[in-house]
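Chains as they are written, first to last, in our numbering: chain A, 342 to 520; chain B, 342 to 520; chain C, 342 to 520; chain D, 342 to 520.
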C-alpha cells in the first residue's frame, strides 16, 4: 500500500509547521499541506471567537462549538475526497479531544492509507517556543502538550523538543510507503 | 434552489479578498472562504516556481504546468465534496484560461447550485492597487484584468474599481438564494 | 527648502499604507517608510495590551499610557535624528490626541522641513474597509475618522475615500519640494 | 554602567528573532526591538533588489550597494539617538562584512553601553531551519553561519543550534547590567 495521507498531531508550538515544510522538501513526490489553522482562517466572523464557533480564552484555553464541528466535518470529508482524487496530503491538526478527535478523523479517512504521526514536545519547551514566537496570546502550548495525545494511536512518534524539524521529517519519511 | 457555492473570478489586485471578507460578514449563514492563493501556498517547493508547477515571471506573467493542473483538479474535487457534505463555500480564483478555466470548474461542481461572480476592475486601477500593496513583484494586475474574463459567463458582475468592497458584497448578496 | 519628512495622519483603515507604498514608488529620491504600527510591533509584551502601554478594547477603542508615551518620545527623537543624518522619511501616524499629537511631533521635528498631509476618509467608507480587511478586531475606523484630524494643520489634505491610493500619492508628490 | 543597547549578530535562520522575543518577555525593563529586517522592509523599491540597494541572489547570496549603505548609516544614527533619548534597544543584525560591520556600528553607538552578543548556529542546523521556515528563497543560512562572525568581538556568545531560544535569552539576560 502507498501512503496517501500523513496526519501530524501535536500541541500548539510543538513545531508541526516546520516539520511539514521539511517533509514537502524531502519527499520525492508532491505532497500538499493542509492545516487546521488554515481552516480556522477560512471561517467567517460568526464562527470565529464565538460560542458556536471556536473561541480562544485569555489563558490560552480553546473551546469549540456545534457550528464549528459541523463545518469541520464537511471540511474533513472534502480533504478525504481530494485524496481519493489523487492528491497526497499532509494534514496537521491539534486533537483537542484526544482519542475522540482521532476517531472522527479515522471515520472520514476510511479506506485511505494513513500514516499517523505523533509530534511530542515537552510542555516546558513548547511554552518557551510559544514565548519566542512573540504572538500576543500565550498559554496554549503547555496544557495541550499532553492532552492532545491522550489515547491516540500512532504509527510513529517523534520528539520535536529534542530533534530539529529536518531530522524529525527524515524519521517520518522512512515510514512513508512507496515514495 | 439554495446557493451552495459562490465563485468569484477576477484578476490579481482586483479586490476579491476584501469582497470575500465582507460577504462572510454580511451573509446570515456561515460561509467558509477558500482561495487559489491558499492552494498555491499549500504546494511543495517542487510545484512552486517550476515548469511542472506554477511559475511567476519577472514581468508578472504566470505559467502553470501539468503537475500543478493534476493537483489542482484533485483540490477542486475536494471542494465540491465539502459542499456536498454541507459546507457553504466562497471560492475565489483567477481564470488564467478564461472560458476553459470555467468549464473545468463547472465539470467539478456539477449538480451544485453555483453563483458565478465576475469581479471586474479597470487595468489601470488594478495596476495602481498592485503598487499600493507594496509587494515586490508587480505586473500581474494589468494583463490579467481583461483576459481572465474572456468567454466567461456570470450570474452577476461587479465593478470593484468604482465600488467599495462592502458595496460589491451587498450587490452579490442579493443574488445569493435562500439566505 | 527641500522636504525632509512627509507626515501622513489619518484614522485606522483610511488607506495610509497604500499611499505610502505608492509615494515610495513614484518619488524620484529614496524615501524610507516608518509607521506607528511598526513602533507598536517593536514594543515588549509589558507595553502591549497594558495600562502603562497601549491597549485595544473590544469595541475598537485605543488607550495609551505613560510607559508608551515615554518610549514613543524617544522613538520620535530617533526618527528626527535619522532625518538630520540625511534620510528622507515618510512617517504615518494616527493622531489619537489630534492637535496635541501634532504639537508633540512638531517639537521633535523642529528645524526640519516637514510636509503635513491629512488623509481623510469618510467614517462609513473606512468602516467598510475595516470589514474588508478581515481582521478580528473591528470598530477603530469609524470613531477615529474625525477625531484624529481635530485641530490639526495640514499642507495638503487628500480624500482617500474617493480617490485611489496612487492618485492620492500623485497629489501629495506635487507638494514635495526639490524632487 | 547600565546596559543601553543589546546587539545580536548572527546569520540568517540562526534564531535571533525568537531570542529577542524571549528577552523582551523576561527582562524587567521595557526593551524595544529593532531589526535590520525591518529596515529592509522600510526601503523603497529603488533600493530593494537593485545594484545600489540590497539584492538577493537565487542561491541566497546578498549584496549591498552604496545607496543602501548611505540610508543604513542614517538609520543607525537615528537608533543611537533613540537610546540617548532614553529608549532601551535590542538590535538584531547580520554582519555581512564581519569586523567591518561591527566597527561601523561601534562608531555610531559611541558613548553608549552596548552588550555585544554573538548568536552562533552550525551551518547545517541553520540550513535545516531555513528549510523548515518554508520561504521560497533558501541558501542564505549556510554561507552566513561563519562569515558574519569573522573578527567580531563579543561580550557573550550563545549557541542557538543546541539551546532553546528562551535558554539563550536567559543567558544573555545575566549579562545585562542594572536590570
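Every residue, glycine too, gets a C-beta built ideally from N, C-alpha and C.
Bear in mind that the values here come from a model prediction, so they are computed numbers and not experimental data.
Coil, strand or helix - residue 517(D) by DSSP: coil
Nearest to residue 413(A) (by Cα), restricted to the options 355(B), 478(B), 374(B) and 397(B): 374(B)
Contacting positions in the segment 480-500 of chain A - beta carbon closer than 8 angstroms to chain B: none
Residues that residue 381(C) contacts on chain D, provided the C-beta gap is smaller than 7 angstroms: Per Cβ cutoff of 7 angstroms: no residues; residue 381(C) is ~10 angstroms from chain D at best.
Contact set for residue 390(D): own chain, Cβ-Cβ below 6 angstroms, skip 5 residues either direction: 396
Same chain only: Cβ atoms within 6 angstroms of residue 380(D), ignoring 5 sequence neighbours per side: 416
Residue 346(B) - DSSP class collapsed to helix/strand/coil: strand
Cβ-based neighbour list, residue 449(B), same chain, cut-off 8 angstroms, excluding 5 preceding and 5 following: 414, 417, 418, 420 and 421
Residue closest to residue 511(B), alpha-carbon to alpha-carbon, out of 472(B), 359(B) and 483(B): 359(B)
Span of the alpha helix (DSSP H) around residue 409(D): 407-425
Cβ of residue 420(C) within 8 angstroms of any chain D Cβ: yes
Residues that residue 366(A) contacts on chain D, provided the C-beta gap is smaller than 8 angstroms: 472
Same chain only: Cβ atoms within 7 angstroms of residue 428(A), ignoring 5 sequence neighbours per side: 373
Simplified DSSP assignment, three categories, for residue 437(C): coil
Proximity test, Cβ basis, 8 angstroms: residue 507(D) and chain A: yes
Beta strand (DSSP E) runs wholly inside the segment 431-497 of chain D, at least 3 long, in chain order: 455-461
Helix, strand or coil at residue 375(C) [DSSP, three-state]: strand
Members of the segment 351-365 of chain C that neighbour chain B once the beta carbon cut-off is set at 9 angstroms: 356, 358, 359, 360, 361, 362, 363 and 365
Touch test, the segment 457-464 of chain A against the segment 351-367 of chain D, Cβ-Cβ under 8 angstroms, three pairs minimum: no
N-terminal and C-terminal residue of the alpha helix (DSSP H) that residue 428(D) is part of: It is not in any alpha helix (DSSP H) - residue 428(D) carries neither H nor E in the DSSP assignment.
The segment 490-501 of chain C touching the segment 431-446 of chain C, judged by at least three CB pairs closer than 8 angstroms: yes
Chain A contact for residue 401(D) (CB, 8 angstroms cutoff): no
is_contact[residue 466(A), chain D] using C-beta, thresh 8 angstroms: yes
Proximal chain C residues relative to residue 427(D), where beta-carbon distance stays under 9 angstroms: 411, 412, 414, 415 and 418
Cβ pair residue 475(D), residue 503(A) closer than 8 angstroms: no
Local conformation of residue 501(C) per DSSP, three classes: coil
Neighbour-count burial assignment, residue 404(A), 16 or more Cβ in a 10 Å radius: exposed
Beta carbon proximity, residue 457(A) to chain B, threshold 8 angstroms: no
Interface flag, residue 388(B) vs chain A, CB-CB below 8 angstroms: yes
Closer than 8 angstroms to chain A by CB, residue 446(B): no
Within 8 angstroms, strictly: CB atoms of residue 371(A) and residue 385(B): yes
Residue of 446(B), 456(B) and 406(B) minimising C-alpha distance to residue 499(B): 456(B)
Proximity below 8 angstroms, CB of residue 345(B) to CB of residue 424(B): yes
Contact set between residue 375(D) and chain C, taken where Cβ atoms lie within less than 7 angstroms: 383
Beta-carbon spacing of residue 407(D), residue 393(D) below 8 angstroms: yes
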